[in-house]
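**Q** Input: one structure, supplied below.
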Amino acid sequence: GAVVSQHPSWVICKSGTSVKIECRSLDFQATTMFWYRQFPKQSLMLMATSNEGSKATYEQGVEKDKFLINHASLTLSTLTVTSAHPEDSSFYICSAIYGLAGGLRISDTQYFGPGTRLTVL
Amino acid sequence: GNSVTQMEGPVTLSEEAFLTINCTYTATGYPSLFWYVQYPGEGLQLLLKATKADDKGSNKGFEATYRKETTSFHLEKGSVQVSDSAVYFCALSNRNQGGKLIFGQGTELSVKP
Numbered sequence: 001g002a003v004v005s006q007h008p009s010w011v012i013c014k015s016g017t018s019v020k021i022e023c024r025s026l027d028f029q030a031t032t033m034f035w036y037r038q039f040p041k042q043s044l045m046l047m048a049t050s051n052e053g054s055k056a057t058y059e060q061g062v063e064k065d066k067f068l069i070n071h072a073s074l075t076l077s078t079l080t081v082t083s084a085h086p087e088d089s090s091f092y093i094c095s096a097i098y099g100l101a102g103g104l105r106i107s108d109t110q111y112f113g114p115g116t117r118l119t120v121l
Numbered sequence: 122g123n124s125v126t127q128m129e130g131p132v133t134l135s136e137e138a139f140l141t142i143n144c145t146y147t148a149t150g151y152p153s154l155f156w157y158v159q160y161p162g163e164g165l166q167l168l169l170k171a172t173k174a175d176d177k178g179s180n181k182g183f184e185a186t187y188r189k190e191t192t193s194f195h196l197e198k199g200s201v202q203v204s205d206s207a208v209y210f211c212a213l214s215n216r217n218q219g220g221k222l223i224f225g226q227g228t229e230l231s232v233k234p
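From first to last, the protein sequence lines stand for chains A and B. Residue numbers 1 to 121, in this note's numbering, belong to the letters of the first sequence in order. Residue numbers 122 to 234, in this note's numbering, belong to the letters of the second sequence in order.
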């Protein structure tokens, strides 16, 4: 149980294009999802918290207009990197917390997706 | 504020050796504590967790005990295998932080046959 998937697992795009990454909780409802970025041999950097049905909360220093987050359902959140540039190349990982509609959180354990490797040429 | 400090890696061990990865934390209140493992090119997998003082989390031969008096959550395994080679992250979650995880910097473990 508690499986989170991400799609695509890797993507290569040209500079200036936009890329959408999907994060799905496959066997549980997730009222809250998180998006992280990880550089080689470093820890995870939290980018934003995504709550179902409301606007995402971004961490300080993360450009909300560049990293668009949508959490349209209890099982899906998307991250769109707009006008991508080579410096946006990174490993993007999402996670989800089990919860119910209305924001009731059942657990404080985050379950992580397998990650998406983005390379911008 | 909340923070997590892990011992620096890389840690290199021979197969069947004893493993300890130290983790200490700073937090207000009563956080939950976690160990996650990341294999090369993959996301994070929850290894074990503990939600209150003196709780022991265990999984796949790994153990960690929530020590409030020393603010520690050290990861141990009695006999490591080559397949345990990965990066291990200690993390805490405080309910007053909306479920956010605060990660340590990660410790790379390499087990040689």
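For glycine and all other residues, C-beta sits at the position ideal for the given N, C-alpha and C.
Kindly indicate which three-state DSSP category Q123/A falls into: helix, strand or coil?
**A** In the structure as shown, chain A starts at 1 and stops at 121, and residue 123/A therefore has no counterpart that could be examined.
**Q** I'd like to check one pair, M33/A with F39/A: are the Cβ atoms closer than 9 Å?
**A** Against a cut-off of 9 Å, the Cβ pair of M33/A and F39/A comes out as no contact.
**Q** Would G99/A pass as a contact of Q29/A if the rule is Cβ separation under 9 Å?
**A** Against a cut-off of 9 Å, the Cβ pair of Q29/A and G99/A comes out as a contact.
**Q** Quick one: what does DSSP say D27/A is sitting in, helix, strand or coil?
**A** Three-state result, D27/A: coil.
**Q** Roughly how many angstroms lie between the CA atoms of G122/B and M128/B, to the nearest whole one?
**A** Using only the alpha carbons, I get a separation of about 20 Å.
**Q** Between R117/A and W10/A, how many whole angstroms is the CB-CB distance? I'm expecting something under 8 Å.
**A** 4 Å between Cβ atoms; contact.
**Q** Can you tell me whether DSSP reads T54/A as helix, strand or coil?
**A** Going by the sequence as given, residue 54/A is Ser instead of Thr. Note: S54/A maps to coil in three-state DSSP.
**Q** Measure the alpha-carbon distance for G219/B versus T109/A and round it to whole angstroms.
**A** Whole-angstrom Cα-Cα distance: 12 Å.
**Q** Is D108/A helix, strand or coil by DSSP?
**A** Residue state, collapsed to three classes: strand.
**Q** Any residues in the segment 75-90 of chain A with a beta carbon nearer than 7 Å to a beta carbon of chain B? Which ones, in chain order?
**A** Going along the segment 75-90 of chain A in chain order, one finds no residue with a Cβ nearer than 7 Å to chain B.
**Q** Use the C-beta contact count for L26/A: other C-beta atoms within 10 angstroms, 16 or more gives buried, fewer gives exposed.
**A** It is exposed - the Cβ of L26/A has fewer than 16 other Cβ atoms within 10 Å.
**Q** At what residues does the beta strand (DSSP E) containing Y187/B begin and finish?
**A** Segment: none, Y187/B is in no beta strand (DSSP E) and carries neither H nor E.
**Q** Considering Cα atoms alone, identify which of P131/B, V203/B, T145/B is closest to S124/B.
**A** Considering only alpha carbons, the answer is T145/B.
**Q** Are the CB atoms of F67/A and A48/A nearer to each other than 9 Å?
**A** Yes; because the gap between Cβ atoms is below 9 Å, this pair is in contact.
**Q** CA-CA distance, G16/A and V81/A?
**A** Going by the C-alpha atoms only, they are around 10 Å apart.
**Q** Under 8 Å, CB to CB, which of the residues in the segment 201-225 of chain B have a partner in chain A?
**A** Correct list: F210, S214, R216, G219, G220, K221, L222, F224, G225.
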